[in-house]
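For what it's worth, our numbering labels the leading residue of the sequence shown as 1, then goes sequentially.
C-beta atoms are modelled at their ideal positions from N, C-alpha and C, and glycine is treated no differently.
Quick notes on the structure that follows.
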Amino acid sequence: MAAAGSNRPAAAAVPRAQSPDHPFSSRSTMLPASVAGVSIPDSQLARAAVAFTRKVSSSALFNHVMRTYLYGSLLFDRRGVRYDRELAFVASVLHDLGLVKAYQTSDERFEVDGADAARKFLRKQRMPSDRISVVWDAIALHTNAGIATRKRAEIGIVSVGSGLDFTGVGLENIPSDTLTEILAAFPRAGFKQDALANMLSLCRTKPMSVLMHPFAEVGRRHLPDFPVPTVEDLLLAAPFEE
1 MAAAGSNRPA AAAVPRAQSP DHPFSSRSTM LPASVAGVSI PDSQLARAAV AFTRKVSSSA
61 LFNHVMRTYL YGSLLFDRRG VRYDRELAFV ASVLHDLGLV KAYQTSDERF EVDGADAARK
121 FLRKQRMPSD RISVVWDAIA LHTNAGIATR KRAEIGIVSV GSGLDFTGVG LENIPSDTLT
181 EILAAFPRAG FKQDALANML SLCRTKPMSV LMHPFAEVGR RHLPDFPVPT VEDLLLAAPF
241 EE
């Protein structure tokens, strides 16, 4: 468990950035050994996941998945929860592949697209199938904290960590000096606007994939004639007499 006090040792040195919004070289898999007291796995699989995600993601999205791991791990470490750190890290790093156009299908929810893309990648890395299944569940369920947090810890970490970074829910449990260290290592880099653009892109290009999904509210607010029915619409249109 990472200590939260101000006398915590400083994080390992961070390589110099190539650009002001991206702390690590896009051509390197180098990461600090730890950030805010949270160890960052350095296995061959972890490095491969980082290299792959960095290559296909925007700076904002890459930094988000790294913060997801850090926030989720911090909160679970503080509760004394035991988990497989490499598994939690890999699931976190790969969890938003469904927002990358190259991995989007025409009709699946982005969470499922991302889970499928991660599974394909991990099979090429020869990760055991039982571990791949955990990653798949973590990614597919990460926007549904009510379910994800009832599953094994690695699945909950991705949901809690990504949710905190997206909405700020749980931020009060992150000490201010810890937050400062995380944001210095992995800046937000325009994450809000990047995320909004991704949501709108899904709503425009495959609107029925957000049926009964929180992103549909974004489509209804911003897109004229957004075609996706609400839950109420579906209920009242059901082909029953009453």
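### Query
Just how far apart, CA to CA, sit Phe-76 and Val-231?
Position 76 of the sequence shown, counted from the start, is the residue given in the question as residue 76. Position 231 of the sequence shown, counted from the start, is the residue given in the question as residue 231. When only Cα atoms are considered, Phe-76 and Val-231 end up about 34 Å apart.
### Query
Per the contact definition of three or more C-beta pairs closer than 8 Å, is the segment 104-124 in contact with the segment 58-76?
Segments in contact, no.
### Message
Tell me the DSSP secondary structure of Asn-7 in three-state form.
### Response
Indexing the sequence shown from 1 puts residue 7 at position 7. Low local confidence applies: a pLDDT of 35 at Asn-7 is under 50, so the model's placement there is unreliable, and no value is given.
### Query
Could you give the distance in angstroms between the alpha-carbon of Phe-240 and the alpha-carbon of Met-212?
Mapped onto the sequence shown, residue 240 falls at position 240. Mapped onto the sequence shown, residue 212 falls at position 212. Distance between the alpha carbons of Phe-240 and Met-212 is about 20 Å.
### Task
Leaving aside the five residues before and after Asp-113 along the sequence, list all residues of the same chain whose C-beta is less than 6 Å from its C-beta, in chain order.
Along the sequence shown, one-based indexing puts residue 113 at 113. Its chain contains Gly-98, Tyr-103, Gln-104, Thr-105 as the residues whose beta carbon lies nearer than 6 Å to that of Asp-113, once the 5 sequence neighbours on both sides are disregarded; these appear in chain order.
### Query
Going by the CB atoms, is the gap between Ser-92 and Gly-161 shorter than 8 Å?
For this step, residue 161 is matched to residue 161 along the sequence shown. For this step, residue 92 is matched to residue 92 along the sequence shown. In this structure, Ser-92 lies closer than 8 Å to Gly-161 by Cβ.
### Query
Is the beta carbon of Ala-140 less than 8 Å from the beta carbon of Ala-117?
If you number the sequence shown from 1, residue 140 lands on position 140. If you number the sequence shown from 1, residue 117 lands on position 117. Going by C-beta atoms, Ala-140 is not nearer than 8 Å to Ala-117.
### Message
In the DSSP output, what is Val-38 paired with across the bridge?
### Response
By 1-based counting over the sequence shown, the position of residue 38 is 38. Answer by DSSP bridge pairing, in chain order: Val-35.
### Task
Give the secondary structure of Pro-229 by DSSP, where H, G and I count as helix, E and B as strand, and everything else as coil.
Along the sequence shown, one-based indexing puts residue 229 at 229. The answer is coil: DSSP assigns Pro-229 none of H, G, I, E or B.
### Query
What is the rounded straight-line gap between the Cα of Leu-31 and the Cα of Pro-227?
Here residue 31 refers to the residue found at position 31 when the sequence shown is read from its first residue. Here residue 227 refers to the residue found at position 227 when the sequence shown is read from its first residue. When rounded, the distance between both Cα atoms is 43 Å.
### Query
Taking one C-beta from the segment 172-179 and one from the segment 53-62 each time, how about it: are there three or more such pairs within less than 8 Å?
Flag = no, the segment 172-179 and the segment 53-62 do not touch.
### Query
Any idea what DSSP makes of Val-90, helix, strand or coil?
Mapped onto the sequence shown, residue 90 falls at position 90. Residue state, collapsed to three classes: helix.
### Check whether Asp-138 and Val-158 have beta carbons under 8 Å apart
Residue 138 sits at position 138 when you count from the first residue of the sequence shown. Residue 158 sits at position 158 when you count from the first residue of the sequence shown. At residue 138 the sequence reads Ala, which differs from the Asp that was named. Yes, these two residues count as a Cβ contact at 8 Å.
### Task
Since I believe Leu-70 is in contact with Val-100 (beta carbons under 8 Å), could you give me their beta-carbon distance rounded to a whole number of angstroms?
Position 100 of the sequence shown, counted from the start, is the residue given in the question as residue 100. Position 70 of the sequence shown, counted from the start, is the residue given in the question as residue 70. Between Val-100 and Leu-70 the beta-carbon gap is near 21 Å, outside 8 Å, which marks them as no contact.
### Where the alpha helix (DSSP H) containing Lys-192 begins and where it ends
On the sequence shown, residue 192 is found 192 positions in, with the first residue counted as 1. That run of the alpha helix (DSSP H) goes 191-205.
### Task
State yes or no: is the C-beta of Leu-74 within less than 8 Å of the C-beta of Val-38?
One-based indexing of the sequence shown puts residue 74 at position 74. One-based indexing of the sequence shown puts residue 38 at position 38. Closer than 8 Å, so yes.
### Task
Would you mind stating whether Val-218 and Ala-153 have Cβ atoms separated by less than 8 Å?
Locating residue 218 in the sequence shown gives position 218, where the first residue counts as 1. Locating residue 153 in the sequence shown gives position 153, where the first residue counts as 1. Against a cut-off of 8 Å, the Cβ pair of Ala-153 and Val-218 comes out as no contact.
### Query
At what residues does the alpha helix (DSSP H) containing Asp-137 begin and finish?
Here residue 137 is taken as the residue at index 137 of the sequence shown, counted from 1. 129-140 is the span of the alpha helix (DSSP H), which, as asked, contains Asp-137.
### Query
Got a sec? Which residues, its chain only, sit under 7 Å from Phe-186 by beta carbon, not counting five neighbours each side?
Against the sequence shown, residue 186 aligns to sequence position 186. For Phe-186, the CB contacts under 7 Å within the same chain, skipping 5 residues up- and downstream, are Pro-23, Asn-63, Met-66, Arg-67 in chain order.
### Query
Where does Ile-174 fall in DSSP's three states?
In the sequence shown, residue 174 corresponds to position 174, counting from 1. Assigned with DSSP and collapsed to three states, Ile-174 falls in coil, not helix or strand.
### Message
Classify His-142: buried if its beta carbon has 16 or more other beta carbons within 10 angstroms, exposed otherwise.
### Response
Here residue 142 refers to the residue found at position 142 of the sequence shown. Label assigned to His-142: buried.
### Query
Less than 7 Å between the CB of Thr-230 and some heavy atom of the ligand GDP, yes or no?
For the ligand GDP, the structure offers nothing, since it holds no ligand at all.
### Query
Buried or exposed: which applies to Ser-59, given that a residue is buried once 16 or more other Cβ atoms fall within 10 Å of its Cβ?
For the purposes of this step, residue 59 is identified with residue 59 of the sequence shown, where counting begins at 1. Label assigned to Ser-59: buried.
#### Entry: Euclidean distance between Cα positions of Phe-166 and Lys-151
On the sequence shown, position 166 is the one that residue 166 refers to. On the sequence shown, position 151 is the one that residue 151 refers to. It is roughly 21 Å from the alpha-carbon of Phe-166 to the alpha-carbon of Lys-151.
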